[in-house]
Each structure stands twice: as structure tokens, then as C-alpha cells.
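S.K.: Here it is, the structure in full.
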Amino acid sequence: MASKGSKRSSATLRIHSQKIGIDEITDALKLQPSKTLMMGSKVDPNHPKSYVRPSNLWSLDSGLRPSRPLEEHIAKLVEVIEEKITVLMSMRKSCDMDIFCGFSSMHGQGSFALSHELLKRLTVLPIKIIVDLYPPESTA
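Position one of the sequence shown corresponds to residue 1119 (this note's numbering), numbered consecutively onward.
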């Protein structure tokens, strides 16, 4: 169990496409994804009326522990994006890309900060940042 006041963070590079397949994205980036989801597959295969995925999803997690600051998770993915920027730019017309971040404070209040250096690096990348805030985990 996390100590009171601790925070949990995560960040994932996500590439969604209705035109490019998962194997094609993997081959182009020369990176193994952390997770993939196939277009047309059911969100819940056990439910007959399950929502069907409208696009392929290729995702790469930061690989850092959840206890690390959100800025470190984002910076790790920015390094990957900067290394693969030419390939990612060539896929832009066929894909939607984002860095999806999760952030939670165990006591319900908390914040994260991004340095001006990281913000400057982010401004030149054609990618959006999404931060999803999670409530504290219930102890009941």
C-alpha cells in the first residue's frame, strides 16, 4: 500500500489508425509496443453487444515505475518521439498520436510540474498530451 501523500503517474505514447496496421507501425518505428488493440475487435469479447474498436491502437509505455514523477514518464517518451520523429511525421496523415498520462494522488490532492525545458521540447512535437486524473483508491 502506498504511503499517505504519495502520487502515482504513468505515460503512454498512443498511435491510433484506421489506415495503418499494427505490424506496419511496429516495423516503421522498429519498436515493440507495450500493448496493441485491433480495429474491429470487441472491447469486451464476452459481451455480445460490446463496443467495437473503430481503429488500431499501438501503444508504448514509459517503462518507469508509477512512483516516478509524471515529468519523468513524459520525458522518457519524448526521447523516443525525438529519435523517431521522421517516421512519426511520415505517419501523421494516417494516424492520430498522443501521450496519454495518468495521475493520481493517494489523498485526493496533488499536483505535478513540467519543467520549461520539457515544455520547450514538447512544443515542437506534433502530438497532444492528455492527462487523466484518477481519484484516490478506496481503503474500504
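Just so you know, even glycine gets a beta-carbon here, dropped at the ideal spot from N, CA and C.
What separation, rounded to the nearest whole angstrom, lies between the Cα atoms of Leu1195 and His1165?
M.R.: Looking at the two C-alpha atoms, the distance is approximately 34 Å.
S.K.: Any contact of the stretch 1201-1215 with the stretch 1231-1240, i.e. 3+ C-beta pairs under 8 Å?
M.R.: Not touching, per the Cβ criterion.
S.K.: Roughly how many whole angstroms lie between the Cα atoms of Leu1182 and Arg1171?
M.R.: Approximately 28 Å, taken between the alpha carbons.
S.K.: When the Cα of Asn1174 is compared with those of Glu1200, Thr1144, Glu1189, which residue comes out closest?
M.R.: Comparing Cα positions, the closest option is Thr1144.
S.K.: Relative to the ligand SAM, is the shortest distance from any of its heavy atoms to the C-beta of Gly1220 smaller than 7 Å?
M.R.: The model depicted lacks the ligand SAM and carries no ligand whatsoever.
S.K.: Is the stretch 1240-1249 touching the stretch 1147-1163 in the sense that three or more CB pairs, one from each, lie closer than 8 Å?
M.R.: No contact exists between the stretch 1147-1163 and the stretch 1240-1249.
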